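Q: First to last, the protein sequences are chains P and F. Sequential numbering of the first sequence, starting at 1, is according to the working numbering. Sequential numbering of the second sequence, starting at 1001, is according to the working numbering. Here's a structure for you.
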Amino acid sequence: MLILEKRPSPSRFWQGATPVLAVALTMIAGGVMFAILGKNPFEAIRTIFWDPVFGEFAWYFRGQLLVKAGPLILIAVGLSLGFRAGIWNIGAEGQYIMGAIFGAAVGLAFYPASGWFIFPLMVLAGGFGGWLWAMIPAILRTKFRTNEILVSLLLVYVAQSILSSMALGALRNPEGGGFPGSRNLSQYPAAANPEIIAGSGMHWGVVAAFIAVIAAYVLLQRHILGFHIRLAGQAPRAARFAGVSPDRLVVLCMGISGALAGLAGLFEVSGPAGQISIDFASGYGFTAIIVAFLGRLNPLGILLAGLLMALTYVGGDNASTNLGLPSASIQAFQGMLLFFLLAVDLLSNYRIKFLLKERA
Amino acid sequence: MKTGTDLLRVEGLTKAYPGVVANSDVSFTIKPGEVHALLGENGAGKSTLVKMIYGLVKPDKGRMTLRGADYAPSEPRAARASGVAMVFQHFSLFEALNVAENVALGMENPPKMRELAGRIRQVSQAYGLPLDPDRMVGDLSAGERQRVEIIRCLLQDPKLLIMDEPTSVLTPQEVDILFRTLRQLSAEGTAILYISHKLEEIRALCDEATILRRGKVVATCTPRERSAREMAELMVGAVLTPPAKNAKPKGAVALEVTGLSVNSPIPFGTSLKNISFAVRKGEVLGIAGVAGNGQDELLLALSGELKSARDAVKISGAAVGEQGPNERRVLGLVSAPEERLGHAAAPDMSLVENALLSGSVRKGLTTRGFIDWGATRTFAEEIVKEFDVRTPGTWVAARALSGGNLQKFVVGRELSQAPSVIVINQPTWGVDAAAAASIRQAIIDRAADGAAVVVISQDLDELLEIADNFAALNGGAMTVPRPTQGLTIDEIGLMMGGAHGMEVAHVA
């Protein structure tokens, strides 16, 4: 018989070892699934995990990894602060869209002027847009006790409608021959967010993601505010005893996560995506929720989780084009990763005991 | 079997949990109709022992016989079928159901409601326990709720009734009613196993006593023939020195509460109604009351977790009613809530992090918001050393500490901040006698250093020992504080609200 016994203190060893174990289990279970689909499991796993980093076309894939991981990490770091405090911003996708719209609007307003100040101004506008969109659920929660999960989630759909309206209306390229979509910002030097080193995939959004990781790490480890965030999530009554105002924390955490999501949107629209278009929203805001938990809400963990998640995307695309794997199997593979991670997570707080059936 | 007239015979019971032996080779016997006390400090093994008798825990070794026959209950239902009943310290009642419905829920084959109500009336009259079967449990006082539990047991016509700390929720008058019932039961031949650490009660009620220390039987005695002091020393295994009160003259008013009225933030909580009092420097004000009469709310309102009218609370003349806990800490107020895990301390955080929790303001553990972890660790180590907190180190999670040790840490953390006003709810709840004495002494020492102290407690002996002035909370209102010296236990009982539900008793 299996018995779970709660550890007196969480095990430090397992906190570090569970993600590795989860990836290993995913490879095994995924390999079985690929084998059932009639593919060589070793080749499939190699195509997903090895080729993008070390394979023949790694020079291209490595850049793609950073391009995909950047916004995921930037958004997930912001979300993790709120999640740690028990504040559930599920609407990062909406804040990401609004950041992109605000930032792009500022850039397009200056077109075709040139000036060093245009891009920084867009960055500010992007962060502000995301922050503003996150303030709606925050204020509604603090003033009227609404549920921020529902409000932030539903605002994603509002943001998507605004995005379509912008792509077809106010921000549409007047010289675009009537096609939907704005001017291409990446071809407008004063507003573009190009690769800092050509071919590396490293654009300003990736730099911002790294800065966010370091800042969040310092905040959580060394600053009283980070301590209060952790305290509020673990023991809300103790947090009130420590003088934390729950409402202030809601506004703060929603604000930070919204602003970071907005920044991610701005860097995307001015860089890899290039323009405001109907299909600009690509689900980064939702995937970042998975990344945040995959990284166990720890900034350094999120950095690794973001890269890992980007790898399964890039490698999964690679596998479906080269090996003809159905894209649903790639999604199932990503689902397995999340499942195993959450399942083996149990080991850090519980110990498993094997017992022979006890005689009554 | 030659068990003679013994009702229950316990021989060599042993129960070990990982890392601790809860009971080691425990033996004693109870005769029919005997009131037998089980005496010991917190953690001495009393609870484990009665859980084995009631079938909740299976012993590792040893045997029990009941009326000469082997007795090894595998579950409480088997124990009840053999005639063993138990009244727990914490009630298991549904507030939204009435008395008869609650009683029916605990029975194997409940009779029809009307019939059951009749039997409840009958038993409650026969044993002088006034109780109306149609009343909602949510409207009952703690003493009345206990009667529901007792009557639930009595309907099963038990041969042995186990009572776990039954008086901790009662006023002195209610204790008298309970004791009369227990004596009547005993006269009718029902044996009672009475668990308590209140020595005067045991001297008044019990025929025999078995004293446990660290899981072993260290003595048996006849309580009437021993002094409370002798029994306490048997229980603790050391000579006790009661704390010396601070005799210095009192200073200026440090904490002033005027017309404090706030709604309770707790569901089924008690709102505070127009509370006024003042505590001077060097004074200890003891606030008594049966649990649930506004103690938690009063602590929240004083600590700043619950805000009130601006002038309702003043610290050294500064009106702080609208300010939060940290603003009040700056002015010198520290507080220790009753609930240690989850309120006074974060269970999954280390002792170092928990030291920062309330110590950051007064100990200056942050500069521009950045935490000085080195200084915080030193602070935590000081608390552990000075208050004798037993722990492998300051890195362990708060939840890994025993209740008593965590209490020492929490109280120590607050008292080590050079406070000018101290508010503590249940300072020695769940702490062993030696540690309780040292916590009380530390509180008195801070008062002698000039701090104004408010101690909220359900332990009357504790309040009488350390408080200069005494008041009681009853239904969210507070009596006018009176000097502790010269108060009789009857007067205290009346301040606490006398016996609830006595109107019914007169009718019956």
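We treat Cβ as the ideally placed atom computed from N, Cα and C, and that holds for glycine. Bear in mind the structure is a predicted one, so any value in this text is a computation, not a measurement.
Output needed for VAL1338(F): all residues of its chain with C-beta closer than 6 Å, excluding positions within five of it in sequence on either side, in chain order.
A: The residue you call residue 1338(F) lines up with position 338 of the second sequence. Checking the sequence, you will find Glu at residue 1338(F) rather than Val. So the list reads ASN1425 and GLN1426, once near-sequence residues are dropped.
Q: When you check each C-beta in the segment 230-242 of chain P against every C-beta of chain F, which residues fall closer than 7 Å?
A: Listed by position, the residues of the segment 230-242 of chain P near chain F (Cβ gap below 7 Å) are LEU231, GLN234, ALA235, ARG237, ALA238, ARG240, PHE241 and ALA242.
Q: Suppose you measure from the CA of ALA104(P) to the CA of GLY199(P); what does that come to, to the nearest Å?
A: Residue 104(P) sits at position 104 when you count from the first residue of the first sequence. Residue 199(P) sits at position 199 when you count from the first residue of the first sequence. Cα to Cα, the separation comes out at about 24 Å.
Q: If ALA208(P) and LEU263(P) are in contact, beta carbons under 8 Å, what's the gap, nearest whole angstrom?
A: As a first step, residue 208(P) is located in the first sequence; it is residue number 208 there, counting from the start. As a first step, residue 263(P) is located in the first sequence; it is residue number 263 there, counting from the start. Their Cβ separation, rounded to whole angstroms, is 6 Å, which keeps ALA208(P) and LEU263(P) in contact under 8 Å.
Q: Compare the C-beta of LEU1356(F) with all C-beta atoms of chain P and state if any pair is closer than 8 Å.
A: Position 356 of the second sequence, counting from 1, holds the residue named residue 1356(F). Yes - at least one Cβ of chain P is within 8 Å of the one on LEU1356(F).
Q: Can you name the residues that DSSP bridges to MET1163(F)?
A: Locating residue 1163(F) in the second sequence gives position 163, counting from the first residue. Its beta-bridge partners are VAL1087(F) and TYR1194(F).
Q: Would a check of beta-carbon distances place PRO1158(F) closer than 8 Å to chain P?
A: Start at 1 with the first residue of the second sequence, and residue 1158(F) comes out as number 158. No, its Cβ sits nowhere closer than 8 Å to a Cβ of chain P.
Q: Since GLY1403(F) and ARG1340(F) should fall inside the 8 Å C-beta cutoff, what is the C-beta to C-beta distance between them, to a whole number of angstroms?
A: What you label residue 1403(F) is simply residue 403 of the second sequence in a count that begins at 1. What you label residue 1340(F) is simply residue 340 of the second sequence in a count that begins at 1. Contact holds; Cβ gap of about 7 Å.
Q: Assess contact between the segment 86-100 of chain P and the segment 153-169 of chain P, defined as three or more Cβ pairs (one per stretch) separated by less than 8 Å. Is contact present?
A: The answer is yes - the segment 153-169 of chain P touches the segment 86-100 of chain P, with three or more Cβ pairs under 8 Å.
Q: Quick one: list the residues of chain F neighbouring ARG296(P), beta-carbon separation under 9 Å, in chain order.
A: The residue labelled residue 296(P) in the question sits at position 296 within the first sequence. Here the premise fails: no neighbours, minimum Cβ distance about 14 Å.
Q: Are GLY1321(F) and ARG1328(F) close, meaning C-beta to C-beta below 8 Å?
A: Counting from 1 along the second sequence, the entry for residue 1321(F) is found at position 321. Counting from 1 along the second sequence, the entry for residue 1328(F) is found at position 328. In this structure, ARG1328(F) does not lie closer than 8 Å to GLY1321(F) by Cβ.
Q: Whole angstroms are fine: how far does the CA of GLY38(P) sit from the CA of PHE293(P)?
A: If you number the first sequence from 1, residue 293(P) lands on position 293. If you number the first sequence from 1, residue 38(P) lands on position 38. Each residue's alpha carbon lies about 32 Å from the other.
Q: Per DSSP, what kind of secondary structure is SER1316(F) in: helix, strand or coil?
A: Within the second sequence, residue 1316(F) is the residue found at index 316, counting from 1. Correct three-state label for SER1316(F): coil.
Q: Using a Cβ-Cβ cut-off of less than 9 Å, list which residues of the segment 245-262 of chain P approach chain F; keep chain order.
A: Residues passing the 9 Å Cβ filter: SER245.
Q: Does LEU2(P) have its Cβ less than 8 Å from a Cβ in chain F?
A: For the purposes of this step, residue 2(P) is taken as residue 2 along the first sequence, with counting starting at 1. No - not a single Cβ of chain F is within 8 Å of the one on LEU2(P).
Q: Report yes or no: is there a C-beta of chain P within less than 8 Å of the C-beta of ASN1469(F)?
A: Within the second sequence, numbered from 1, the residue matching residue 1469(F) stands at position 469. Judged by the 8 Å Cβ criterion, ASN1469(F) is not in contact with chain P.
Q: Taking 8 Å as the CB-CB limit, is ILE224(P) close to chain F?
A: Here residue 224(P) corresponds to residue number 224 of the first sequence, with the count starting at 1. Yes, ILE224(P) counts as interfacial toward chain F.
Q: Cβ atoms of GLY1083(F) and LYS1031(F): under 8 Å apart, would you say?
A: If you number the second sequence from 1, residue 1031(F) lands on position 31. If you number the second sequence from 1, residue 1083(F) lands on position 83. No, the Cβ-Cβ distance between LYS1031(F) and GLY1083(F) is not below 8 Å.
Q: If we define contact as Cβ-Cβ less than 8 Å, is MET1001(F) a contact residue for chain P?
A: Walking along the second sequence from the start, residue 1001(F) turns up at place 1. Residue placement at MET1001(F) is poorly supported in this model, since its pLDDT is 40, which falls under 50; the coordinates are not used for a value here.
Q: At least one CB of chain P closer than 8 Å to the CB of ILE1371(F): is that the case?
A: On the second sequence, residue 1371(F) is found 371 positions in, with the first residue counted as 1. Yes, contact with chain P.
Q: Residues of chain F with a CB under 7 Å from the CB of PHE110(P): which are they?
A: If you number the first sequence from 1, residue 110(P) lands on position 110. Simply none; closest approach about 37 Å.
Q: Determine which residues of the segment 1334-1360 of chain F have a Cβ less than 9 Å from any Cβ of chain P, and write them out in chain order.
A: Cβ contacts with chain P: SER1335, PRO1337, GLU1339, LEU1341, GLY1342, HIS1343, ALA1344, ALA1345, ALA1346, PRO1347, ASP1348, MET1349, SER1350, GLU1353, ASN1354, LEU1356, LEU1357, SER1358 and SER1360.
Q: Short of 9 Å Cβ to Cβ, which residues in the segment 1307-1326 of chain F face chain P?
A: Listed by position, the residues of the segment 1307-1326 of chain F near chain P (Cβ gap below 9 Å) are GLY1324, PRO1325 and ASN1326.
Q: Under 8 Å: do the segment 1094-1101 of chain F and the segment 1134-1153 of chain F share three or more Cβ pairs, one atom per stretch?
A: Yes, the segment 1094-1101 of chain F touches the segment 1134-1153 of chain F.
Q: Report the residues of the segment 1366-1398 of chain F with a CB closer than 7 Å to any CB of chain P, ordered along the chain.
A: Within the segment 1366-1398 of chain F, the residues whose Cβ lies closer than 7 Å to some Cβ of chain P are THR1366, GLY1369, PHE1370, ILE1371, VAL1396 and ALA1397, listed in chain order.
Q: Any contact of the segment 1375-1395 of chain F with the segment 1345-1365 of chain F, i.e. 3+ C-beta pairs under 8 Å?
A: The segment 1375-1395 of chain F, when compared against the segment 1345-1365 of chain F, does touch it at the 8 Å Cβ threshold.
Q: Do you know offhand how far GLY1237(F)'s Cα is from ARG1213(F)'s?
A: The count along the second sequence starts at 1 and reaches residue 1237(F) at position 237. The count along the second sequence starts at 1 and reaches residue 1213(F) at position 213. Roughly 8 Å between the two C-alpha positions.
Q: Would you decide whether ARG1317(F) is buried or exposed? Buried here means 16 or more other CB atoms lie within 10 Å of its CB.
A: Translated into positions along the second sequence, residue 1317(F) becomes position 317. The question names Arg, but residue 1317(F) is Gly in the sequence shown. That one is exposed.
Q: GLY1143(F) and GLU1174(F): beta carbons closer than 8 Å?
A: One-based indexing of the second sequence puts residue 1143(F) at position 143. One-based indexing of the second sequence puts residue 1174(F) at position 174. The answer is yes: Cβ separation under 8 Å.
Q: Could you pull the start and end residues of the alpha helix (DSSP H) that THR26(P) belongs to?
A: Walking along the first sequence from the start, residue 26(P) turns up at place 26. Counting along the chain, the alpha helix (DSSP H) containing THR26(P) begins and ends at 12-36.
Q: Can you give me the start and stop residues for the beta strand (DSSP E) that CYS1221(F) sits inside?
A: Working through the second sequence from its first residue, we reach residue 1221(F) at position 221. 1216-1221 is the span of the beta strand (DSSP E), which, as asked, contains CYS1221(F).
Q: Along chain P, in chain order, which residues have C-beta atoms closer than 9 Å to that of GLU1305(F)?
A: To locate residue 1305(F), count along the second sequence from 1; it is residue 305. By Cβ distance, chain P contributes ARG237, ARG240, PHE241 and GLY243.
Q: Any Cβ of chain F within less than 8 Å of the Cβ of PHE227(P)?
A: Here residue 227(P) is taken as the residue at index 227 of the first sequence, counted from 1. PHE227(P) counts as touching chain F.
Q: Flag this pair as touching only if the segment 1279-1294 of chain F and the segment 1250-1269 of chain F have three or more C-beta atom pairs under 8 Å; answer yes or no.
A: Yes: the two stretches touch, three or more of their Cβ pairs being nearer than 8 Å.
Q: Apply the 10 Å Cβ neighbour rule to ARG141(P) and answer buried if 16 or more other Cβ atoms are within range, or exposed otherwise.
A: The residue labelled residue 141(P) in the question sits at position 141 within the first sequence. That one is buried.
Q: Do we get a CB-CB distance below 8 Å when we pair ALA35(P) with the residues of chain C?
A: Judged by its chain identifiers, the structure shown contains no chain C, and its protein chains are P and F.
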